[in-house]
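Step one of this worksheet: look at the structure below.
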Amino acid sequence: MLAFILLISALVLFIVSTRQWAIWMRGAVWAGGLLLLVVAWLLLGSSERDPELATALGDLAAKWNRPGESMLLRMLESNGATVARMILSLFDIFLFFAVLVGVLALVAFRPGEELENAIRPVMMGMIGAILGGVFALAMVGTGFGQREERQAYAGAASLETVHTAETLLLNGDLLRLRGIDAPEPGQICRLGTRVLDCSEESQRALRRILDGAYVMCALDRPKDAADTARRERIATCTAVKSGGEEFNVARRLVEEGYAVGIDGAFAAEAAEATARARGLSAWCAVRPDAWAQFTQAKKAAFRDKGDYPVGTPMMGTCAPPRVVTRRPKQGSTPVVRAPD
């Protein structure tokens with residue numbers, strides 16, 4: 000905030016320096032404005048900028064003939080509050096125009112007020128724009144009006160973005176990818192006698208898929224009122240690569256064989272991944288929702304021998320199981336064994 004105040008003060012001094020006073024006096028006032036401008040730059044000039052504004056503007060320029068598809072307009076439509084995160088980047092824009100106005104004020108150091116009269120409205124307009132922006136930000140910060148639940152998220156993907164094989168961490172919130180189920184943490188996949196931590200493998204695949212991408216997520220529905228303690232939200236997430244490629248993150252995970260659809264979602268993609276033995280679809284695994292219900296004993300049995308209860312929903316490429324020939328104890332669940 001202090002940097003913006005100094006920036007505005009510098010513009011005011013530049014305006015004052017256009018008065019028809021003695022040159023030394025005008026020069027002193029102008030130098031004072033320049034000093035304030037330098038101090039403002041020193042305060043914020045080295046601060047880390049949020050790269051999202053430049054990314055969003057670049058995408059808008061690339062889609063000039065269809066702006067409705069741009070990240071910027073889609074984010075404005077979904078969640079205007081997200082734009083507030085870019086406010087720091089506006090300082091660079093204001094600083095550029097302040098320097099330009101300062102140069103024009105210096106050029107106006109000559110007899111007559113023709114140039115001064117042309118410059119002053121520009122200066123006043125710049126000050127008004129800065130004051131208006133700061134005032135709007137202050138109003139939002141004070142919390143006037145009804146607070147809306149956030150509905151959209153965006154950010155450049157990083158290693159920390161992938162929280163699990165099916166959840167992303169964006170803007171401080173956990174978002175679960177809509178329509179898919181990925182291996183649970185610690186879940187085991189089998190290929191013959193080989194075993195694999197398929198959750199870690201899926202996470203690595205998701206990080207690879209999102210590498211260098213800009214991710215936008217929209218909640219499918221508001222968070223339930225009774226779910227105040229739960230931070231995970233279900234969202235549809237889209238990734239945009241630097242080359243312009245845009246894809247649904249959940250769909251891509253299924254296409255590459257690292258997740259399965261739920262409630263019939265992405266059935267064709269899952270079938271093709273299995274047919275082509277992509278990713279984990281070449282391995283045999285218990286469906287994640289069923290694995291989450293397994294006891295430690297059942298998990299160990301599948302990991303060590305490939306055994307699992309009859310009727311267990313499976314995914315990937317699993318050989319037809321054979322029923323264990325020994326008679327199960329009374330009241331126990333029949334067990335099948337996958338051949339090695």
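Each residue of the sequence shown is one higher than the one before, starting from 0 at the first, in numbering that gives the first Met the number 0.
C-beta: ideal position from N, C-alpha, C; glycine also.
These numbers come from a predicted model, not from an experiment.
Residue i lies in the beta strand (DSSP E); which residues open and close that run?
i: residue 168; result: 166-169
i: residue 237; result: 232-239
i: residue 218; result: 213-218
i: residue 341; result: Only positions 0 to 339 of the chain appear in the structure, and residue 341 is not among them; the question remains open.
i: residue 189; result: 187-190
For the alpha helix (DSSP H) holding residue i, just list the boundary residues, first then last.
i: residue 287; result: 287-290
i: residue 197; result: 197-209
i: residue 295; result: 295-304
Please report the distance separating the alpha-carbon of residue i from that of residue j.
i: residue 215; j: residue 297; result: 39 Å
i: residue 94; j: residue 6; result: 7 Å
i: residue 22; j: residue 107; result: 11 Å
i: residue 42; j: residue 102; result: 21 Å
i: residue 308; j: residue 289; result: 11 Å
i: residue 293; j: residue 59; result: 48 Å
i: residue 280; j: residue 263; result: 17 Å
i: residue 177; j: residue 127; result: 44 Å
i: residue 268; j: residue 316; result: 15 Å
i: residue 319; j: residue 261; result: 23 Å
i: residue 218; j: residue 153; result: 12 Å
i: residue 194; j: residue 300; result: 12 Å
i: residue 255; j: residue 64; result: 32 Å
i: residue 161; j: residue 120; result: 50 Å
i: residue 123; j: residue 112; result: 16 Å
i: residue 149; j: residue 232; result: 11 Å
i: residue 130; j: residue 92; result: 14 Å
i: residue 105; j: residue 8; result: 16 Å
i: residue 310; j: residue 168; result: 35 Å
i: residue 20; j: residue 90; result: 31 Å
i: residue 157; j: residue 192; result: 35 Å
i: residue 24; j: residue 32; result: 13 Å
Under a three-way DSSP split, which group does residue i fall into?
i: residue 245; result: strand
i: residue 310; result: coil
i: residue 91; result: helix
i: residue 180; result: strand
i: residue 58; result: helix
i: residue 275; result: coil
i: residue 264; result: coil
i: residue 39; result: helix
i: residue 193; result: strand
i: residue 21; result: coil
i: residue 175; result: strand
i: residue 258; result: coil
i: residue 318; result: coil
i: residue 81; result: Low confidence applies to residue 81: its pLDDT is 47, below 50, so where it sits in the model is not reliable, and the reading given next is rough at best. Looking at residue 81 - three-state DSSP - the assignment turns out to be helix.
i: residue 284; result: strand
Measuring CB to CB, does residue i end up less than 8 Å from residue j?
i: residue 38; j: residue 28; result: no
i: residue 187; j: residue 277; result: no
i: residue 12; j: residue 35; result: yes
i: residue 259; j: residue 179; result: yes
i: residue 100; j: residue 10; result: yes
i: residue 185; j: residue 198; result: yes
i: residue 17; j: residue 118; result: yes
i: residue 164; j: residue 205; result: yes
i: residue 291; j: residue 183; result: yes
i: residue 283; j: residue 203; result: no
i: residue 275; j: residue 314; result: no
i: residue 212; j: residue 240; result: yes
i: residue 151; j: residue 252; result: no
Is any heavy atom in the ligand ZN found nearer than 7 Å to the beta carbon of residue i?
i: residue 196; result: This structure does not include the ligand ZN; it has no bound ligands of any sort.
Taking three-plus beta-carbon pairs below 8 Å as touching, is the stretch 171-181 in contact with the stretch 238-246?
-> no
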